[in-house]
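These notes concern the structure reproduced below.
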Amino acid sequence: GAEASGGTTESAEEKVVREATPEDAAVAMAYSGSAILVPGYGLAVARAQHQLKEVGELLEARGVDVRYAIHPVAGRMPGHMNVLLAEADVPYDKLYDLDEINDRFPDTDFVLVIGANDVVNPAARDEQGSPIYGMPILEVDKSRQVLVLKRSLNPGFAGLDNELFYKENTMMLFGDAQDSLTRVIGEIKEL
51 GAEASGGTTE
61 SAEEKVVREA
71 TPEDAAVAMA
81 YSGSAILVPG
91 YGLAVARAQH
101 QLKEVGELLE
111 ARGVDVRYAI
121 HPVAGRMPGH
131 MNVLLAEADV
141 PYDKLYDLDE
151 INDRFPDTDF
161 VLVIGANDVV
171 NPAARDEQGS
181 PIYGMPILEV
191 DKSRQVLVLK
201 RSLNPGFAGL
211 DNELFYKENT
221 MMLFGDAQDS
231 LTRVIGEIKE
241 L
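Structure follows, in structure tokens:
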């Protein structure tokens, strides 16, 4: 009856994931004016830092303003992402930490998240009851479009679902990050 329509709609609401193909990803990225690349633990696991750098270079060659957003606790130790990107010879002046980059997300056309989870989870900002509430995050959800590369919808280190994955401006590309990025690189080169 009518009385049952109270606060139950949200929990019963079906969460929809928008799944992208490598071609979708390539087109969205290549035709952006600005892009922020956000590496996480999944980048380390897949050893995909060289492919990520190649994506950045291909986008820059097309005139896209490319930056890398580094969360201090992304990965398994502080500075993990800096080490991986340095290995791939990503120029240090392209790396921006949380405080330097968060204001830029609302004006950014495209954000590529590679295997990051808790460090981009809006629950840390929005949900007072969340175990990660108050943890500073990279506010990628405020950008115009987000593509998340992940092996699955499994939760991150904190074991929490991530609302980012279900937002209307988010697409998901599932698979190994190195394989997914290699396929995206191939598609960008075809454009």
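Following my numbering, the residues of the sequence shown are numbered contiguously, the last one being 241. Glycine included, C-beta positions come from ideal geometry on N, C-alpha and C.
Beta-bridge pairing of residue i - partner residues as DSSP gives them
i      : result
Arg201 : Partner(s): none; Arg201 has no beta bridge.
Ala85  : Val116 and Phe160
Val196 : Val161 and Thr220
Leu145 : Tyr118
Pro69  : Note on residue identity: the sequence assigns Glu, not Pro, to residue 69. DSSP lists Met222 as partners of Glu69.
Own chain, CB closer than 8 angstroms to residue i, minus 5 neighbours either side, in chain order
i      : result
Pro246 : Shown here, the chain extends from 51 to 241; a query on residue 246 therefore has no answer.
Val77  : Glu237 and Leu241
Cβ shell of residue i (< 6 angstroms), same chain only, five flanking positions each side left out
i      : result
Ala98  : Ala227, Gln228 and Leu231
Ala96  : Asp226, Ala227 and Gln228
Pro186 : Leu148
Per-residue burial, residue i [other beta carbons within 10 Å of its own, 16 or more giving buried]
i      : result
Lys103 : buried
Met127 : exposed
Tyr118 : buried
Gln101 : buried
Gly125 : buried
Which of helix, strand or coil DSSP assigns to residue i
i      : result
Tyr118 : strand
Gly225 : coil
Tyr183 : coil
Glu237 : helix
Thr58  : Interpretation of Thr58 is limited by its pLDDT of 38, a score under 50 that renders its predicted location unreliable; the figure taken from the coordinates is listed afterwards. In the structure shown, Thr58 sits in coil (DSSP, three-state: anything other than H, G, I, E or B).
Asp211 : coil
Arg97  : coil
Asp153 : helix
Heavy atom of the ligand ATP within 7 angstroms of residue i beta-carbon
i      : result
Arg154 : Here there are no bound small molecules, and the ligand ATP is not part of this structure.
Proximity winner among the options, relative to residue i (alpha-carbon distances)
i      : options                           : result
Tyr146 : Ser180, Arg68, Ile235 and Val116  : Val116
Arg112 : Ile86, Tyr81, Val67 and Thr220    : Tyr81
Ala208 : Lys65, Tyr91 and Val133           : Tyr91
Ala75  : Asp176, Asp159 and Leu188         : Asp159
Val170 : Glu189, Ser84 and Val66           : Glu189
Glu107 : Ile120, Met131, His121 and Asp139 : Asp139
Met79  : Ser180, Val196, Pro181 and Tyr216 : Val196
Leu162 : Thr220, Lys65 and Glu64           : Thr220
7 angstroms Cβ shell around residue i - same chain, five flanking residues per side excluded
i      : result
Lys200 : Gly92, Gly165, Met222 and Phe224
Arg233 : Pro72
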